[in-house]
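Read through the structure below, which is laid out as structure tokens, and then see the notes.
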Amino acid sequence: MAPLDINPNELEPYWVPFTPNRAFKKRPRIFSGAKGMHYFKPDGTKVIDATSGLFCVNAGHCREPIVKAIQEMAAKLDYSPAFQYGHPKVFELASRLSLLAPGDLDYAFFSNSG
């Protein structure tokens, strides 16, 4: 991979969460790809993802079966609001999880990153 050519002015509109932004913009740290348990910098350097994509990528990045399932579902339904609506896959997953959960943990509540 070629090094990423970044104009510091292009970084200005985005505030990086929980990060001293002035320091970041002087020396940006950018990931341009990921596979398995690694991120890749624009120059090709591998970096271990020690946070599992901040808890959202615990199965690893860009795994083919997961990518395929996401592509298939996105081609049918890319988003459905969870407020007063549902879709078949959410009920299927909740049912499967309730069968695996111990004791009387029979219900699922799905949320994203917090």
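Positions 33 to 146 (the working numbering) are the ones given, in order, by the sequence shown.
C-beta: ideal position from N, C-alpha, C; glycine also.
Tell me whether residue i sits in a helix, a strand or coil according to DSSP, three-state version.
{"i": "residue 73", "result": "coil"}
{"i": "residue 111", "result": "coil"}
{"i": "residue 118", "result": "coil"}
{"i": "residue 98", "result": "helix"}
{"i": "residue 85", "result": "helix"}
{"i": "residue 91", "result": "coil"}
{"i": "residue 66", "result": "strand"}
Looking at residue j and residue i, is the spacing between their C-beta atoms short of 8 Å?
{"i": "residue 47", "j": "residue 39", "result": "no"}
{"i": "residue 119", "j": "residue 109", "result": "yes"}
{"i": "residue 63", "j": "residue 72", "result": "yes"}
{"i": "residue 69", "j": "residue 85", "result": "no"}
{"i": "residue 66", "j": "residue 94", "result": "yes"}
Return the chain-ordered list of same chain residues with a C-beta closer than 8 Å to the C-beta of residue i, the five sequence neighbours on each side being excluded.
{"i": "residue 114", "result": "122 and 142"}
{"i": "residue 43", "result": "56, 57 and 60"}
Using a Cβ cut-off of 8 Å (strictly closer), state whether residue i contacts chain B.
{"i": "residue 109", "result": "This model lacks chain B altogether, as it is built from one protein chain only."}
With distance defined between alpha-carbon atoms, name the residue in the options nearest to residue i.
{"i": "residue 90", "options": "97, 96 and 81", "result": "81"}
Assuming residue i contacts residue j (C-beta within less than 8 Å), just tell me the rounded distance between them.
{"i": "residue 126", "j": "residue 107", "result": "Rounded, the Cβ-Cβ distance is 23 Å, inconsistent with contact."}
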